[in-house]
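Residue numbers (our numbering): 7 to 181.
These notes are about the structure you will find just below.
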């Protein structure tokens, strides 16, 4: 799932851009980043993962409480990813990445029950234009404490009537 996010942004973010020096500083956690927070679609492609992490840093990390310390942001994200184990949470709610359709409220409630805060469920569309589950967004204050997100769903029109597809694993090259 995608972004570890600090949604509340009222000030312009001032952190360092994700350049070579950021990657060098992430070397100590690169294996964990590849294992626990890869680009879901191209998880074996380190360059694709790097583009994904750059996006996450520029969208969220630069607004974090220590915008000039990317290692702190990424370690915090890894800690939260490992703390919640979203796939296990969804599995307990009988929600699986199997290409089937689920009520958006079922996904949201499974996460909310386990985390204790209201998440935002983000959707996108598959190659055929069908609505699908894309990310779980947890919201945090700039100091890293969890808070309920303002929106229940993002980019998920008519989710309760139509449902949301939870796509199965994407295998590059059809293997």
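In this text, a Cβ means the ideal position worked out from N, Cα and C, and glycines have one as well.
Item                                                                                                              : Value
Residue 140, buried or exposed, once every other Cβ within 10 Å from all chains shown has been counted against 16 : buried
Pairwise C-alpha distance: residue 32 and residue 68                                                              : 15 Å
C-beta contact flag for residue 35 and residue 96 at 9 Å                                                          : no
Through-space distance from residue 92 to residue 70, alpha-carbon basis                                          : 22 Å
Whether residue 125 touches residue 137 by CB criterion (9 Å)                                                     : no
Residue 98 burial status per 10 Å Cβ neighbour count (16 or more: buried)                                         : exposed
Reference residue 52; option with closest CA among 39, 74, 64 and 63                                              : 39
For residue 174 and residue 105, believed in contact at Cβ under 8 Å, the rounded distance                        : 5 Å
Cβ neighbours of residue 168 in the same chain (closer than 7 Å, five flanking residues each side left out)       : 137
Backbone secondary structure at residue 92 - three-state DSSP                                                     : helix
Proximity winner among 123, 165, 142 and 162, relative to residue 153 (alpha-carbon distances)                    : 123
Cβ neighbours of residue 45 in the same chain (closer than 8 Å, five flanking residues each side left out)        : 51, 54, 55, 57 and 58
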